[in-house]
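**Q** My questions all concern the structure below.
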Amino acid sequence: MDSPLDAAYWQERYAAGRTGWDAGAITPPLREYFSQLELPANSRILIPGAGRAYEAEALHGQGYKNIFVADLAPAALAALHQRVPGFPAEHLLLADFFALPAQPPYDLIVEQTFFCALDPALRPAYAQKCAELLRPGGTLMGLLFDTDFGPSSEPPFGGTREEYRAYFAPYFNFHHFETAYNSLPPRQGRELFICLKKK
Ligand SMILES: C[S@@+](CC[C@H](N)C(=O)[O-])C[C@H]1O[C@@H](n2cnc3c(N)ncnc32)[C@H](O)[C@@H]1O
Numbered sequence: 407m408d409s410p411l412d413a414a415y416w417q418e419r420y421a422a423g424r425t426g427w428d429a430g431a432i433t434p435p436l437r438e439y440f441s442q443l444e445l446p447a448n449s450r451i452l453i454p455g456a457g458r459a460y461e462a463e464a465l466h467g468q469g470y471k472n473i474f475v476a477d478l479a480p481a482a483l484a485a486l487h488q489r490v491p492g493f494p495a496e497h498l499l500l501a502d503f504f505a506l507p508a509q510p511p512y513d514l515i516v517e518q519t520f521f522c523a524l525d526p527a528l529r530p531a532y533a534q535k536c537a538e539l540l541r542p543g544g545t546l547m548g549l550l551f552d553t554d555f556g557p558s559s560e561p562p563f564g565g566t567r568e569e570y571r572a573y574f575a576p577y578f579n580f581h582h583f584e585t586a587y588n589s590l591p592p593r594q595g596r597e598l599f600i601c602l603k604k605k
């Protein structure tokens with residue numbers, strides 16, 4: 407990898423407006439999943455690599471009280487704070503996902519274009535860290551690109567469902583792991599909707 411995908415890299419991308427991943431709103435698969443969510447209002451929810459965190463805004467609007475967003479880039483957290491001033495400031499974690507404390511555990515982790523933004527060498531560690539952060543029976547849900555973006559030193563990095571399955575299988579039972587039917591048009595047919603339960 408030419409450039410380290412560190413905090414400075416991500417902060418620079420926000421500063422330069424190179425945020426092509428940002429859909430500007432919650433994406434349909436997550437919106438639909440959240441509309442059926444039946445977790446208690448005090449459930450602990452983590453959105454890692456949250457960016458501008460439209461998912462956090464949606465869940466906050468639904469009355470969830472313990473949503474945490476983690477990101478390396480101050481600009482990402484600032485964007486949520488600006489849009490949703492009532493979102494608790496202490497739930498904005500300027501932190502490396504891999505260094506987040508595992509206690510108390512989370513009930514739900516939401517994935518949206520974070521996995522594909524990581525150096526692919528970190529994928530096994532991502533699966534392991536998600537498992538470490540969740541309570542037994544806790545859920546990792548969201549979207550993973552099931553597509554080849556071609557060679558690049560910059561994210562997004564693609565992959566296949568077979569590859570991903572191997573990372574998650576040691577820690578999770580698979581409830582959903584199939585092509586999303588309601589992706590945004592440019593992502594149609596290229597995303598997996600996943601809902602995995604920690605063993
Ligand atoms: C491609 S963006 C996706 C943002 C958001 N999930 C979305 O869909 O709009 C990846 C995000 O992950 C953050 N990030 C990258 N590595 C991280 C890490 N190790 N820990 C926490 N956040 C990280 C970046 O700052 C960036 O905001």
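Heads up, the working numbering is the position in the sequence shown plus 406, with the first residue counted as 1. C-beta: ideal position from N, C-alpha, C; glycine also. All values reported here derive from a predicted model rather than from experimental measurement.
Which partner residues does P510 have in the DSSP bridge list?
**A** Answer is none; P510 lacks a bridge partner.
**Q** Report the CB separation of Q468 from F493 in whole angstroms; it is logged as a contact under 8 angstroms.
**A** No, Q468 and F493 are not in contact; Cβ-Cβ is about 13 angstroms, not under 8 angstroms.
**Q** Taking only heavy atoms of ligand 1 into account, decide whether any of them is closer than 7 angstroms to the Cβ of T519.
**A** Flag set: Cβ of T519 near ligand 1.
**Q** For K604, count the other beta carbons within 10 Å of its own beta carbon; 16 or more makes it buried, fewer makes it exposed. Which is it?
**A** It counts as buried.
**Q** Which same chain residues, not among the five before or five after L539, have their C-beta less than 7 angstroms away from its C-beta?
**A** L452, L506, A508, P511, Y512, I515.
**Q** In chain order, what residues of the same chain lie with their CB nearer than 8 angstroms to the CB of N588, ignoring the 5 residues before and after it?
**A** Excluding positions up to five away in sequence, the list reads P434, P435, E438.
**Q** Return the Cβ separation of F578 and L546 in integer angstroms, given the expectation that the two are a contact with Cβ distance under 8 angstroms.
**A** With 8 angstroms as the limit, F578 and L546 qualify as a contact, their Cβ atoms being about 7 angstroms apart.
**Q** Can you give, in chain order, each stretch of the alpha helix (DSSP H) that sits fully within the stretch 515 to 599 and has at least 4 residues?
**A** Whole alpha helix (DSSP H) segments, 4+ residues: 529 to 539, 567 to 574.
**Q** Just verifying my parser: in three-state terms, what is the DSSP assignment at F504?
**A** Helix.
**Q** In whole angstroms, what separates the C-alpha of E569 from that of I432?
**A** One C-alpha to the other measures close to 27 angstroms.
**Q** Looking at C-alpha atoms only, which residue of G455, C601, A462 is the closest neighbour of A479?
**A** Measuring from the Cα of A479, the nearest candidate turns out to be G455.
**Q** Is the distance from the Cβ of F574 to the Cβ of A533 below 8 angstroms?
**A** Yes, they are a contact pair.
**Q** For the beta strand (DSSP E) that F474 lies in, which residues bound it at each end?
**A** Per DSSP, F474 belongs to the beta strand (DSSP E) from 472 to 477.
**Q** Classify G527 as buried or exposed, calling it buried when 16 or more other Cβ atoms lie within 10 Å of its own Cβ.
**A** The sequence given here has Ala at residue 527, not Gly. Exposed.
**Q** Is any non-hydrogen atom of ligand 1 found closer than 7 angstroms to the C-beta of R529, if you look at the structure I gave you?
**A** R529 Cβ: outside cutoff for every heavy atom of ligand 1.
**Q** Report yes if the CB atom of G564 is closer than 8 angstroms to the CB atom of F583, and no otherwise.
**A** Contact: no.
**Q** What do you reckon, are the CB atoms on R489 and N472 nearer than 8 angstroms?
**A** Not a contact, by the Cβ cut-off of 8 angstroms.
**Q** Buried or exposed: which applies to A462, given that a residue is buried once 16 or more other Cβ atoms fall within 10 Å of its Cβ?
**A** Result: buried.
**Q** Only counting runs of 4 or more residues, tell me where the alpha helix (DSSP H) segments fall wholly within the stretch 433 to 503, in order along the chain.
**A** List check, alpha helix (DSSP H) in window: 434 to 441, 460 to 467, 480 to 489.
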